[in-house]
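Below is one structure, written out as structure tokens, with a few remarks after it.
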């Protein structure tokens with residue numbers, strides 16, 4: 003991880019952040035400290051290592067000076083804050099999902115985590131509330147902060163939320179594991195589709211639209227991450243099937 007420092011002129015801030023990114027997973031699992039078994043501290047530690055610190059490293063390496071226009075400067079100033087908070091939210095969601103997926107094994111082994119301390123029903127309710135009242139507004143703020151330079155991110159967010167809202171109205175369900183208590187009604191951000199498909203593809207497409215030299219990027223992206231595309235296509239087909247759209251459209255024509 004430190005190998006690029008021999009060729010790149012990293013700032014002290016970047017080097018400190020890079021060092022911290024090795025520290026977090028170490029103290030998360032190291033016997034004696036082992037923050038994994040210390041409730042909220044374990045969640046925060048994992049989120050810092052998986053998403054927040056890498057985001058800060060990217061900002062320290064590629065941050066640009068703000069533009070001259072006041073509104074553009076305000077949006078440019080909002081973006082680092084918004085994307086860091088967004089990374090923290092994504093990191094917390096990731097470790098919560100990981101601990102829920104490992105909950106049965108952790109209970110058998112006597113490993114105490116945030117997910118094993120709470121009743122299953124409380125975890126399920128908390129995750130749904132987290133999806134709607136934390137992830138959704140934070141993602142909307144990120145989309146707003148990039149609107150001047152990458153409006154397709156906002157378009158992707160609207161499309162994703164619309165599809166998930168339709169699934170909710172149609173009664174779709176989502177299960178994180180095979181255990182019955184993890185089954186919940188499908189709501190926006192209950193799954194990873196926005197992070198694994200809609201947002202990165204929108205960013206790739208925005209680059210292609212802004213600069214023709216990147217026109218190949220969306221195509222390569224779809225090829226490399228075809229599994230995410232296949233899952234989303236399957237879900238759209240399921241929506242069409244459950245909603246019985248072909249028959250409804252045929253009835254309207256008659």
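Numbering (my numbering), first residue to last: 3 to 256. Just so you know, even glycine gets a beta-carbon here, dropped at the ideal spot from N, CA and C. Predicted model only: the values in this text are computed from it and were never measured.
- Proximity of residue 96 and residue 48 at Cβ, strictly below 9 Å: Sequence index remark: in the chain shown, residue 96 carries index 94 (1-based). Sequence index remark: in the chain shown, residue 48 carries index 46 (1-based). A contact, by the Cβ cut-off of 9 Å.
- Tell me, please, whether the segment 147-166 touches the segment 72-83 by the rule of three or more beta-carbon pairs shorter than 8 Å. Judged by Cβ distances under 8 Å, the segment 147-166 makes contact with the segment 72-83, as three or more pairs qualify.
- Query: Would the segment 137-144 and the segment 153-171 be scored as touching if the rule is three or more Cβ pairs under 8 Å?
  - Reply: A contact exists between the segment 137-144 and the segment 153-171.
- Task: Please say whether residue 234 and residue 154 have beta carbons closer to each other than 9 Å?
- Result: Your numbering for residue 154 matches position 152 in the chain shown. Your numbering for residue 234 matches position 232 in the chain shown. If you check the CB distance, residue 154 and residue 234 do not come in under 9 Å.
- Message: Could you check whether residue 244 and residue 176 sit closer than 9 Å to each other, using their CB atoms as the reference points?
- Response: If you number the chain shown from 1, residue 176 lands on position 174. If you number the chain shown from 1, residue 244 lands on position 242. Annotated as distal: residue 176 and residue 244, with beta-carbon spacing of 9 Å or more.
- Query: Buried or exposed: residue 19, going by 16 or more other Cβ atoms within 10 Å of its Cβ?
  - Reply: On the chain shown, residue 19 is found 17 positions in, with the first residue counted as 1. With 16 or more other Cβ atoms within 10 Å, it is buried.
- For my contact list, residue 231 and residue 199 are in at a C-beta cut-off of 8 Å; report their separation, rounded to the angstrom. As a working note, residue 231 is residue 229 in the chain shown. As a working note, residue 199 is residue 197 in the chain shown. In this structure residue 231 touches residue 199 by the C-beta definition: roughly 7 Å separates them, less than 8 Å.
- Message: Check for me: the alpha helix (DSSP H) holding residue 161 runs from which residue to which?
- Response: Looking up residue 161 in the chain shown gives position 159. Judged by DSSP secondary structure, residue 161 falls within the alpha helix (DSSP H) whose first and last residues are 153-171.
- Query: If you check the beta carbons only, do residue 15 and residue 54 fall under 9 Å apart?
  - Reply: As a first step, residue 15 is located in the chain shown; it is residue number 13 there, counting from the start. As a first step, residue 54 is located in the chain shown; it is residue number 52 there, counting from the start. Not in contact: residue 15 and residue 54 (Cβ atoms no closer than 9 Å).
- Is the Cβ-Cβ distance between residue 7 and residue 17 less than 9 Å? Here residue 7 is taken as the residue at index 5 of the chain shown, counted from 1. Here residue 17 is taken as the residue at index 15 of the chain shown, counted from 1. Yes; because the gap between Cβ atoms is below 9 Å, this pair is in contact.
- What whole-angstrom Cβ distance do residue 51 and residue 26 have, given they're in contact under 8 Å? Within the chain shown, numbered from 1, the residue matching residue 51 stands at position 49. Within the chain shown, numbered from 1, the residue matching residue 26 stands at position 24. With 8 Å as the limit, residue 51 and residue 26 qualify as a contact, their Cβ atoms being about 3 Å apart.
- Item | Enclosing alpha helix (DSSP H) for residue 116 [first to last residue] | Within the chain shown, the letter at position 114 stands for residue 116. Start and end: 116-119.
- alpha helix (DSSP H) segment containing residue 64, residue limits: Translated into the one-based positions of the chain shown, residue 64 becomes position 62. Segment 55-64, the alpha helix (DSSP H) holding residue 64.
- Please state if the CB of residue 109 and the CB of residue 118 are separated by a distance shorter than 9 Å. By one-based count along the chain shown, residue 118 stands at place 116. By one-based count along the chain shown, residue 109 stands at place 107. A Cβ-Cβ contact shorter than 9 Å links residue 118 with residue 109.
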